[in-house]
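Step one of this worksheet: look at the structure below.
2 protein chains.
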Amino acid sequence: MVKKLIEEITKKNAPVIAGLDPMLDYVPAHIQQKAFEEYGETLEGAAEAIWQFNKGITDAICDLVPAVKPQVAMYEQFGVPGVQAFHKTVSYCKEKGLIVIGDVKRGDIGSTSAAYATGHLGKVHVGSKSYYGFDEDFITVNPYLGSDGINPFLDVCNEENKGIFVLVKTSNPSSGEFQDKTFDGMPLYELVARKVVEWGAGCMDGDYSNVGCVIGATYPEMGKALRKILPHNYILVPGYGAQGGTAEDLKEYFNDDGLGAIVSSSRGIIAAYKQEKYSKFGEENYADASRQAVIDMIEDINSVL
Amino acid sequence: MVKKLIEEITKKNAPVIAGLDPMLDYVPAHIQQKAFEEYGETLEGAAEAIWQFNKGITDAICDLVPAVKPQVAMYEQFGVPGVQAFHKTVSYCKEKGLIVIGDVKRGDIGSTSAAYATGHLGKVHVGSKSYYGFDEDFITVNPYLGSDGINPFLDVCNEENKGIFVLVKTSNPSSGEFQDKTFDGMPLYELVARKVVEWGAGCMDGDYSNVGCVIGATYPEMGKALRKILPHNYILVPGYGAQGGTAEDLKEYFNDDGLGAIVSSSRGIIAAYKQEKYSKFGEENYADASRQAVIDMIEDINSVL
Numbered sequence: 362m363v364k365k366l367i368e369e370i371t372k373k374n375a376p377v378i379a380g381l382d383p384m385l386d387y388v389p390a391h392i393q394q395k396a397f398e399e400y401g402e403t404l405e406g407a408a409e410a411i412w413q414f415n416k417g418i419t420d421a422i423c424d425l426v427p428a429v430k431p432q433v434a435m436y437e438q439f440g441v442p443g444v445q446a447f448h449k450t451v452s453y454c455k456e457k458g459l460i461v462i463g464d465v466k467r468g469d470i471g472s473t474s475a476a477y478a479t480g481h482l483g484k485v486h487v488g489s490k491s492y493y494g495f496d497e498d499f500i501t502v503n504p505y506l507g508s509d510g511i512n513p514f515l516d517v518c519n520e521e522n523k524g525i526f527v528l529v530k531t532s533n534p535s536s537g538e539f540q541d542k543t544f545d546g547m548p549l550y551e552l553v554a555r556k557v558v559e560w561g562a563g564c565m566d567g568d569y570s571n572v573g574c575v576i577g578a579t580y581p582e583m584g585k586a587l588r589k590i591l592p593h594n595y596i597l598v599p600g601y602g603a604q605g606g607t608a609e610d611l612k613e614y615f616n617d618d619g620l621g622a623i624v625s626s627s628r629g630i631i632a633a634y635k636q637e638k639y640s641k642f643g644e645e646n647y648a649d650a651s652r653q654a655v656i657d658m659i660e661d662i663n664s665v666l
Numbered sequence: 362m363v364k365k366l367i368e369e370i371t372k373k374n375a376p377v378i379a380g381l382d383p384m385l386d387y388v389p390a391h392i393q394q395k396a397f398e399e400y401g402e403t404l405e406g407a408a409e410a411i412w413q414f415n416k417g418i419t420d421a422i423c424d425l426v427p428a429v430k431p432q433v434a435m436y437e438q439f440g441v442p443g444v445q446a447f448h449k450t451v452s453y454c455k456e457k458g459l460i461v462i463g464d465v466k467r468g469d470i471g472s473t474s475a476a477y478a479t480g481h482l483g484k485v486h487v488g489s490k491s492y493y494g495f496d497e498d499f500i501t502v503n504p505y506l507g508s509d510g511i512n513p514f515l516d517v518c519n520e521e522n523k524g525i526f527v528l529v530k531t532s533n534p535s536s537g538e539f540q541d542k543t544f545d546g547m548p549l550y551e552l553v554a555r556k557v558v559e560w561g562a563g564c565m566d567g568d569y570s571n572v573g574c575v576i577g578a579t580y581p582e583m584g585k586a587l588r589k590i591l592p593h594n595y596i597l598v599p600g601y602g603a604q605g606g607t608a609e610d611l612k613e614y615f616n617d618d619g620l621g622a623i624v625s626s627s628r629g630i631i632a633a634y635k636q637e638k639y640s641k642f643g644e645e646n647y648a649d650a651s652r653q654a655v656i657d658m659i660e661d662i663n664s665v666l
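What follows is the structure, given as structure tokens:
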């Protein structure tokens with residue numbers, strides 16, 4: 362799957378992911394109103410609103426970006442109808458030729474991780490049939506439980522040609538509380554990164570592994586150091602834009618071949634119309650604002666490569 | 362919410378949780394058959410089967426246990442219909458007077474953890490209305506992202522009188538890979554435990570905090586040491602039974618007041634009818650086998666207190 366990701370990045374000349382993380386506040390009034398007219402001010406109405414919002418953005422940007430990253434929490438907040446909207450979003454984006462990275466940050470003991478791997482990347486057996494549950498192309502995974510919580514994901518990645526991104530160094534302010542703790546001279550995030558190399562070695566797909574990692578744009582020094590440790594693992598980089606990471610910060614996350622990293626922005630793209638810079642588009646044309654924000658982001662990232 | 366949990370534990374004299382983690386393999390043939398007749402061999406059929414299976418077990422054990430712990434991964438593997446079955450299970454168990462601990466192990470950057478907290482413990486605003494998404498009483502939470510990934514859960518716990526259990530030392534074989542790493546003489550799990558004390562201090566509900574932690578039954582020495590560090594935090598103890606933890610191992614997880622810990626068993630209860638010990642019940646009477654397994658487990662745990 363990473364090979365396909367690289368093909369799409371290269372074709373579109375855009376090492377960029379749009380994070381589809383809809384808050385109801387981001388959804389323009391006319392979309393909310395229409396959804397509420399049909400379904401009432403209910404969870405179903407909210408789910409319809411975020412789905413229509415996503416659809417508009419996806420249609421507007423699908424020729425520009427290789428991949429989208431829906432954050433499942435933003436859907437789970439609306440209960441079952443929200444999860445339904447997540448599934449519809451995943452399916453629709455795939456129909457549009459986009460690679461879908463489910464930002465689900467799952468991870469548990471072995472048998473439970475196996476169920477997550479089945480549900481998000483693989484197929485489940487029901488009697489004599491088998492079905493995909495959510496069928497993302499990649500998902501993000503939490504490493505706190507160690508190798509036997511990760512191995513079931515690796516198995517499914519190999520069976521299905523799919524991929525994972527393991528949290529190494531997250532973009533949030535307090536990520537250092539545990540991740541930066543140092544033992545025998547090595548911070549925890551580096552130990553996890555070295556495990557990612559190990560886990561990824563059995564999942565090569567061309568020059569890169571289907572096992573990548575997450576390193577926040579907000580910690581460029583660590584990104585630089587980790588890049589060298591993980592030469593064959595893609596880095597998914599959140600934290601660009603709204604969280605404070607700049608293109609200049611991101612240069613060192615890439616390998617010399619211009620590959621090896623993909624930068625994600627959520628709010629900066631999907632709520633672009635709310636920024637002064639894109640306010641001329643107006644709320645009605647929110648998707649055009651998102652398109653312009655994507656064009657600007659791609660240009661910004663490519664300017665440092 | 363921990364006060365209510367303690368009341369129920371005391372009333373039922375059972376510091377025991379039943380883990381509702383259904384695999385389709387556990388569901389007796391007659392239930393699967395009926396579900397498949399109605400819905401076909403589909404995800405809907407599988408979801409109906411696990412829901413009916415859960416319902417049977419819940420009816421059989423709800424007077425014995427204070428709480429149940431559905432593992433959401435087992436539902437997510439069946440996609441949206443599975444998540445629907447999770448929601449139905451949560452609601453039904455609450456109707457039956459059970460406290461529901463959603464074993465979801467969520468955790469992310471602040472804004473995303475806020476969405477998870479909303480979806481699983483709190484209410485989401487839709488226009489002028491607000492709704493509970495999944496409405497568990499407690500959920501399990503992953504600490505890898507540090508305090509700002511935990512704080513949103515604390516806020517919702519305080520608003521809604523709900524609770525969380527933070528992963529400290531998990532029951533799986535490779536949990537030590539990261540959790541046991543020692544810096545400045547302190548293993549990571551202990552550092553997390555000390556943070557749990559800090560996080561929990563603002564969420565007291567009687568003598569205990571609504572912020573508890575997860576410590577596997579499979580590491581009794583660590584459980585003993587951690588008990589002293591966390592005097593006011595409930596310990597959710599997985600790993601009893603099928604994973605290898607024994608009642609004798611668990612003694613030290615409790616405080617001198619006989620409180621402070623609650624022991625979870627999943628397979629050992631819900632798939633009891635498959636064990637030789639309970640085979641006399643037969644597949645048709647799987648729920649009676651589960652009831653007997655719960656009675657035996659409560660007796661076993663209470664024998665060491």
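Residue numbers (this note's numbering), protein chains in the order written: chain A, 362 to 666; chain B, 362 to 666. Each residue gets a CB set at the ideal place from its N, CA and C atoms; glycine is no exception.
Quiz item: Is A:V441 helix, strand or coil when you go by DSSP?
Solution: helix
Practice problem: Would you identify the three-state DSSP class for B:L597, choosing helix, strand or coil? | Solution: strand
Quiz item: Would you say A:D516 faces chain B, with C-beta separation under 9 Å as the test?
Solution: no
Quiz prompt | Inside the segment 535 to 584 of chain B only - beta strand (DSSP E) runs reaching at least 3 residues | solution = 569 to 576
Quiz item: With a cut-off of 9 Å, does the C-beta of A:I525 fall near any C-beta of chain E?
Solution: As a matter of chain content, chain E is missing from the structure shown, whose protein chains are A and B.
Quiz item: B:D464 bridges to which residues according to DSSP?
Solution: B:Q432
Quiz item: From B:S536 to A:Y505, what distance separates their C-alpha atoms?
Solution: 8 Å
Quiz item: Near B:A633, what residues of its chain come up, given a Cβ to Cβ distance below 6 Å and the 5 sequence neighbours on each side ignored?
Solution: Y639, A650, S651, A654
Exercise. Can you have a look at B:N503 and say buried or exposed, based on whether 16 or more other CB atoms are within 10 angstroms of its CB?
Key: buried
Quiz prompt | Contacts that A:S625 makes with chain B (C-beta to C-beta distance below 8 Å) | solution = Residues of chain B passing the Cβ test: none, with the nearest at roughly 12 Å.
Self-check item: Own chain partners of B:A410 with C-beta closer than 7 Å, once the 5 adjacent residues on each side are dropped
Solution: L385, V388, I392, Q393, A396
Quiz item: A:N415 CB to nearest chain B CB: under 9 Å?
Solution: no
Exercise. Give me the Cβ distance between A:S491 and A:K484, rounded to the nearest whole Å; I'm assuming they're in contact under 8 Å.
Key: 4 Å
Quiz prompt | Rounded C-alpha distance that separates B:M435 from B:G443 | solution = 8 Å
Quiz item: Would you say B:R467 reaches chain A, if we count a Cβ-Cβ gap shorter than 9 Å as a contact?
Solution: yes
Quiz item: What number of angstroms, rounded off, separates the C-alpha of B:I378 from the C-alpha of B:V461?
Solution: 9 Å
Quiz item: Quick one, which residues of the segment 439 to 456 of chain B are near chain A if we go by CB-CB under 8 Å, in chain order?
Solution: F439, G440, V441, G443, V444, Q445, H448
Quiz prompt | Sequence-distant residues of its chain with Cβ nearer than 7 Å to A:G480 (five each side left out) | solution = G494, F495
Exercise. Check whether the segment 524 to 539 of chain A touches the segment 564 to 584 of chain A, taking contact to mean three or more Cβ pairs, one atom from each stretch, closer than 8 Å.
Key: yes
Quiz item: Residues of chain A with CB under 9 Å from B:T579, in chain order?
Solution: Within 9 Å Cβ-Cβ: nothing; B:T579 doesn't reach chain A, min ~10 Å.
Quiz item: In this structure, does DSSP put B:S474 in helix, strand or coil?
Solution: helix
Quiz item: B:V558 and B:H593: beta carbons closer than 9 Å?
Solution: yes
Exercise. Kindly indicate which three-state DSSP category A:A410 falls into: helix, strand or coil?
Key: helix
Quiz item: Taking Cβ-Cβ distances below 8 Å as the criterion, which residues of the segment 388 to 420 of chain B are in contact with chain A?
Solution: Q393, F397, E402, T403, L404, G406, A407
Practice problem: Could you please give the first and the last residue of the uninterrupted beta strand (DSSP E) stretch that includes A:Y360? | Solution: This structure cannot speak to residue 360 of chain A, because chain A is shown only from 362 to 666.
Quiz prompt | chain A contact residues for B:M508, given Cβ-Cβ distances below 8 Å | solution = The sequence given here places Ser at residue 508 of chain B; Met does not occur at that position. Those within 8 Å of B:S508 in chain A are S535, E538.
Practice problem: Say whether chain B places a C-beta atom closer than 9 Å to the C-beta of A:T607. | Solution: no
Exercise. At 7 Å on the CB atoms, spell out the chain B contacts of A:G380, in chain order.
Key: Under the 7 Å cutoff, chain B gives no residues; its nearest Cβ is about 10 Å from A:G380.
Quiz item: Can you find a CB in chain A that lies within less than 9 Å of the CB of B:M384?
Solution: yes
Quiz item: Which residues in the same chain as A:A390 place their Cβ atom closer than 7 Å to its Cβ, once the five residues preceding and following it in sequence are excluded?
Solution: E644
Self-check item: Length of the line joining the Cα atoms of A:L515 and A:D424
Solution: 30 Å
Practice problem: Can you pull the chain B residues whose beta carbon is under 8 Å from the beta carbon of A:L552, in chain order? | Solution: F539, K542
Quiz item: Hey, does B:Y477 have any beta-carbon neighbour from chain A nearer than 9 Å?
Solution: yes
Exercise. Round the Cβ separation of B:A407 and A:V433 to the nearest angstrom and send it over; I've been treating them as touching at under 8 Å.
Key: That belief does not hold up - the Cβ atoms of B:A407 and A:V433 are roughly 21 Å apart, past 8 Å.
Quiz item: Rounded C-beta distance between B:I470 and A:N533? I'm assuming under 8 Å.
Solution: 4 Å
Quiz item: In this structure, does DSSP put A:G524 in helix, strand or coil?
Solution: strand
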